[in-house]
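Colleague:
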Amino acid sequence: MSKKPHFQSPPGMHDILPEDEKYFQKLFHLAEGLANFYGFERIDTPLMEFAELFEKGTGQTTDIVEKQMFTLRTRGGDALALRPEFTPGLVRAFLQHGMSNLPQPVKLYSIGPAFRYESPQAGRFRQFHQIDFEVLGETSPAIDAQIIQIFYNLLDELKFKNPVIEINSIGANCCRPYFKKILAGYLRSHYNSLCLDCKRRVRENPLRVLDCKEEKCQPIKAASPQIIDHLCEDCHNHFKEVLEFLDELGLPYRLNPYLVRGLDYYTKTVFEIFIESTSAQNQAPIALVGGGRYDNLGKVIGNKDIPACGAAAGVERIVQEMILRQPELHTETRKDVFLAQVGNLAKKKSLRLFEDFRRARIPIGESLSKDSLKVQLSRADRLQVRYTLILGQKEALEKTVIVKDMKRGTQETIKMDKVVHEIKKRLLKK
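Numbering (numbering that gives the first Met the number 0), first residue to last: 0 to 429.
1. Could you tell me which of L206, I142, E48 sits nearest to S223, measuring between CA atoms?
2. DSSP beta-bridge partners for N167?
3. Please classify Y265 as buried or exposed, where buried requires at least 16 neighbouring CB atoms within 10 angstroms.
4. Classify R199 as helix, strand or coil using the three-state DSSP reduction.
5. Residue range of the alpha helix (DSSP H) that D131 falls in?
6. Would you mind listing the beta strand (DSSP E) stretches within the stretch 10–52 that are 3+ residues and don't spill past its ends, in chain order?
7. Can you look up V259 in the DSSP assignment and give me helix, strand or coil?
8. Can you give me the start and stop residues for the beta strand (DSSP E) that L296 sits inside?
9. In whole angstroms, what separates the C-alpha of L101 from that of L135?
10. Which residues bound the beta strand (DSSP E) around D342?
11. Could you have a look at C351 and say whether DSSP puts it in helix, strand or coil?
12. Determine the DSSP secondary structure at Y379, reduced to helix, strand or coil.
13. Going by other Cβ atoms of all chains shown within 10 Å of its Cβ, with 16 needed for buried, is Y177 buried or exposed?
14. Let's see if you can read the secondary structure: which residues bound the beta strand (DSSP E) around E84?
15. Give a yes or no on contact between the stretch 379–395 and the stretch 331–341, applying the rule of three or more CB pairs nearer than 8 Å.
16. Is the distance from the Cβ of K153 to the Cβ of L328 below 8 Å?
17. Can you give the Cα-Cα distance for R202 and L195, rounded to whole angstroms?
18. Identify the continuous alpha helix (DSSP H) that holds I147 and give its terminal residues.
19. Evaluate contact between the stretch 106–123 and the stretch 53–73, counting only Cβ atoms and requiring at least three cross-stretch pairs below 8 Å.
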């Protein structure tokens, strides 16, 4: 029996192997295309920030801060944390670099890893990746709708059928404190029936009870007061306009009065986008995207009013569904030319010729590790190239190349210094 390797990746930290990398790259490429179309600019913030940024920004009573942050203390005594999410660091960068002085709104996106300490399971890791889009400096409900539209389009481009948007408004400081009192009073009347976490949440942040997934809390949650019935006029009108924009865009949504999201900084609009899972182990809809408006976060971490809205997509969960739906994803760049060589001198010359094709931006295949012409021609057939260039000892000495037309079966000899120009001319005629 073979022994396991001495070292393995830590629990919840995963390697992205070449057969999976193509799914990640396709997803990132689609996200970057959407970012360019909608006018978002890329920003990359550090993987590590001061822990206080997330404690104040994400919220002291959130599961992320209480249970899931990876923290460390430097030799100088600084308390740092690996970023568990993007938004607080992005707002910090906005403030630090004076982006409020730029024409508003500022539209930013980021793609990269984040870290949370939680039980590893399918599609959920301690190191994971997110695609994050944020708009800062704008109060319009049109921005809320555009953020939703972007992520809906991302899933639609991946051919995920019938994504569904769940949406709610959780109000703002003008109306939420009053609703919290109403909700807390209701929850206290059912206190003994709540799970241990929710008993604590009743005291610290009763809205978090609405985010609970424990079975015993579901009947209590389902009968609880709804914040949408207690919105102030401004929050009510904002939410009404967001829904009108979604109707105009033809996006399918359903109101979920118990959707609050698990982060303290949200105001007004909150949403999640679900798809039906194709996994045999999980028949329930899965959330791939979550976000909303966070008009108070700038005030919390930088004492500056910055109206903002954004969302993030869980990359690993999306990739898992991509693999289930498209197990034979082909992303290899189409090659119309293959370079075959026989003999040491030909191999040396072929390296230079290969670079000539790269500079001319003509994709070209090769099997430099193989010496057999038969094996190399077989690979050219599999790649379905139009032309195979054959370079043997004789051709290397004479500085020529045999050009074989794989479709017609004809071949001719061309000077080596003319072959790139000749192939480019022929490919343009196709």
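Using N, Cα and C, we set each Cβ at its ideal position, and we do this for glycine too. Small disclaimer: the values here were computed from a predicted structure and weren't measured.
Modeller: Quick look at the numbers:
1. L206
2. V269
3. buried
4. helix
5. Note, D131: premise wrong, no alpha helix (DSSP H); beta strand (DSSP E) at 126–135.
6. 47–49
7. coil
8. Counting along the chain, L296 falls outside any beta strand (DSSP E), though it belongs to the alpha helix (DSSP H) covering 296–301.
9. 11 Å
10. First, the amino acid is wrong: residue 342 is Gly here, not Asp. Premise fails: G342 is in no beta strand (DSSP E) and is neither H nor E.
11. The sequence as given places Arg at residue 351; Cys does not occur at that position. Helix.
12. The amino acid at residue 379 is misidentified as Tyr; the sequence shows Ala. If DSSP states are grouped into helix, strand and coil, A379 belongs with the helices.
13. exposed
14. That residue, E84, is in no beta strand (DSSP E); it is neither H nor E in DSSP.
15. yes
16. According to the sequence displayed, residue 153 carries Leu and not Lys. Their beta carbons are not under 8 Å apart, which means L153 does not touch L328 by this criterion.
17. 12 Å
18. 140–156
19. yes
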